[in-house]
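The opening position of the sequence shown corresponds to residue 1 in UniProt numbering, with each subsequent residue numbered one higher.
Don't be surprised by glycine CBs; every beta carbon is placed ideally from N, CA and C.
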Amino acid sequence: MAQHNLLDLCLRDNQGVCLRMQKVLRRIQKLLQIDNLLEKHRHKTYVDVSSELEDLIFCELNADSRNQRGSFTLEKCRNFSQGMTDEGEFDQRKVEFDRIILLWHIATDICYCRDWGGNLNNVSTPLTDIEKKADHSKHISNYLLYLLVSCPFMLPIGIGMIRFRDTCAEAREFLGERNLKNGKTEACEKLLQVNTEVRPAKVKGDRSKSVLFDACVIAKSLLAEKENKWKIISEVWVEMLAYAATHCRGNHHARQLRKGGEFLTHVWLLMAHLGITEQFQISQGHARAKLIVK
């Protein structure tokens with residue numbers, strides 16, 4: 001399962017290179033027309049899909065099959081987005097799916113760093129249930145970001161790459177202005193220290209589509225949940241994975257089979273087997289998106 005991590009990407013880009021030199025290098029890459037290729041593949045990694053991750057996805061989707069729940073992630077994340085807007089921005093009919101991926105990707109990464117620091121796979125003792133949920137959440141989060149960057153045609157239509165690049169630009173600037181000696185752990189602590197009482201869009205305007213500091217708002221709310229947060233986060237990511245699987249056209253699933261196939265296709269087939277694909281359809285009032293994804 002391919003992985004792409006936004007904060008890791010920005011931290012590696014900043015290592016040993018001043019901000020001015022970074023901008024020069026990116027301009028050269030753009031002139032050579034290799035910037036998009038590098039963006040997609042330079043920091044891509046892979047992890048094995050463990051049987052425990054498969055069990056988590058199956059159990060969550062099977063629960064949807066039994067309970068006819070299909071609650072979709074935005075119903076959960078609304079509780080963690082209070083104060084970001086007074087205009088119902090997190091209504092599922094108004095928020096683009098790519099924005100939700102980026103928001104929760106960064107928030108999950110911050111929570112993971114705060115709780116576990118490094119990689120849980122390096123721990124010698126068996127992982128607890130909470131640690132397993134954290135590790136699985138991180139892998140699904142990184143996988144969906146990989147799809148957003150490398151296979152955007154498999155996700156609902158949106159402006160994902162614009163948001164991704166704007167968020168990376170803001171993250172590089174934020175991290176580059178600070179002398180981070182302890183890497184990602186310190187970077188996440190610095191992000192949590194940002195004052196987000198005033199909604200970020202009101203501070204920076206709406207020209208930038210970055211979601212960096214909006215994600216910090218969600219991370220702070222999740223951290224307040226303490227031990228319960230990883231149950232919430234894991235359920236959110238499984239539902240987001242399911243939503244993506246059912247809103248990818250069948251011909252796009254087939255297209256990726258020529259390249260070895262995508263994990264998303266396995267999830268799609270499992271959901272079809274369980275008979276729950278209709279529960280993850282876009283709600284009434286979003287007819288344009290329905291025409292595109294079906």
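Contact between the segment 153-168 and the segment 97-108 is present, with at least three C-beta pairs closer than 8 Å. Around the Cβ of N142, a 10 Å sphere holds 16 or more other Cβ atoms; the residue is buried.
Around the CB of Y243, 16 or more other CB atoms lie within 10 Å, so the residue is classed as buried. Sequence-distant Cβ neighbours of E186 in its own chain, meaning closer than 6 Å and more than five residues away, are L180. Of the candidates H252, G261, L269 and L223, the residue whose Cα lies closest to the Cα of D109 is L223. Between H136 and F213, the alpha-carbon positions lie close to 24 Å from each other.
Check the Cα spacing between E262 and each of L144, E189 and C113: the tightest is with L144. Assigned with DSSP and collapsed to three states, A219 falls in helix.
Looking at the backbone, the Cα of G260 and that of A254 are separated by about 10 Å. With contacts defined as CB atoms closer than 8 Å, K220 and L192 qualify as a contacting pair. Distances from the alpha-carbon of K209 to those of V238, V236, K133 and A169 put A169 closest. For P126, there are no CB contacts under 8 Å within the same chain when 5 residues up- and downstream are skipped. Bridge pairing for T45: Q3 [DSSP]. Look at K209 here: in three-state DSSP terms it is coil, with no helix or strand label. A straight-line Cα-Cα distance of about 25 Å links M240 and R258. Straight through space, the alpha carbons of V149 and V236 are spaced by roughly 20 Å. In the displayed model, H247 falls within coil according to three-state DSSP, outside both helix and strand.
If only uninterrupted alpha helix (DSSP H) runs of at least 4 residues are considered, those enclosed by the segment 124-181 are 129-150 and 160-176. In the DSSP annotation of this structure, the continuous segment of the alpha helix (DSSP H) that includes E189 starts and ends at G183 to L192. F153 counts as exposed, since fewer than 16 other beta carbons sit within 10 angstroms of its beta carbon.
If the five residues before and after K231 are omitted, its C-beta is found closer than 7 Å to the C-beta atoms of K133, all from its own chain and listed in chain order. About 13 Å separates the Cβ atoms of I106 and L11, ruling out a contact at the 8 Å cut-off.
Note that the C-beta distance between I276 and L61 is below 8 Å. Nearest Cα to E189 within the set R199, L175 and V198: L175. Rounded to whole angstroms, G183 and G250 show a C-alpha spacing of 41 Å. Secondary structure of E54 (DSSP, three-state): helix. With a threshold of 16 other beta carbon atoms within 10 Å, V194 falls short and is exposed.
In this chain, I276 is not harboured by any alpha helix (DSSP H), its DSSP state being neither H nor E.
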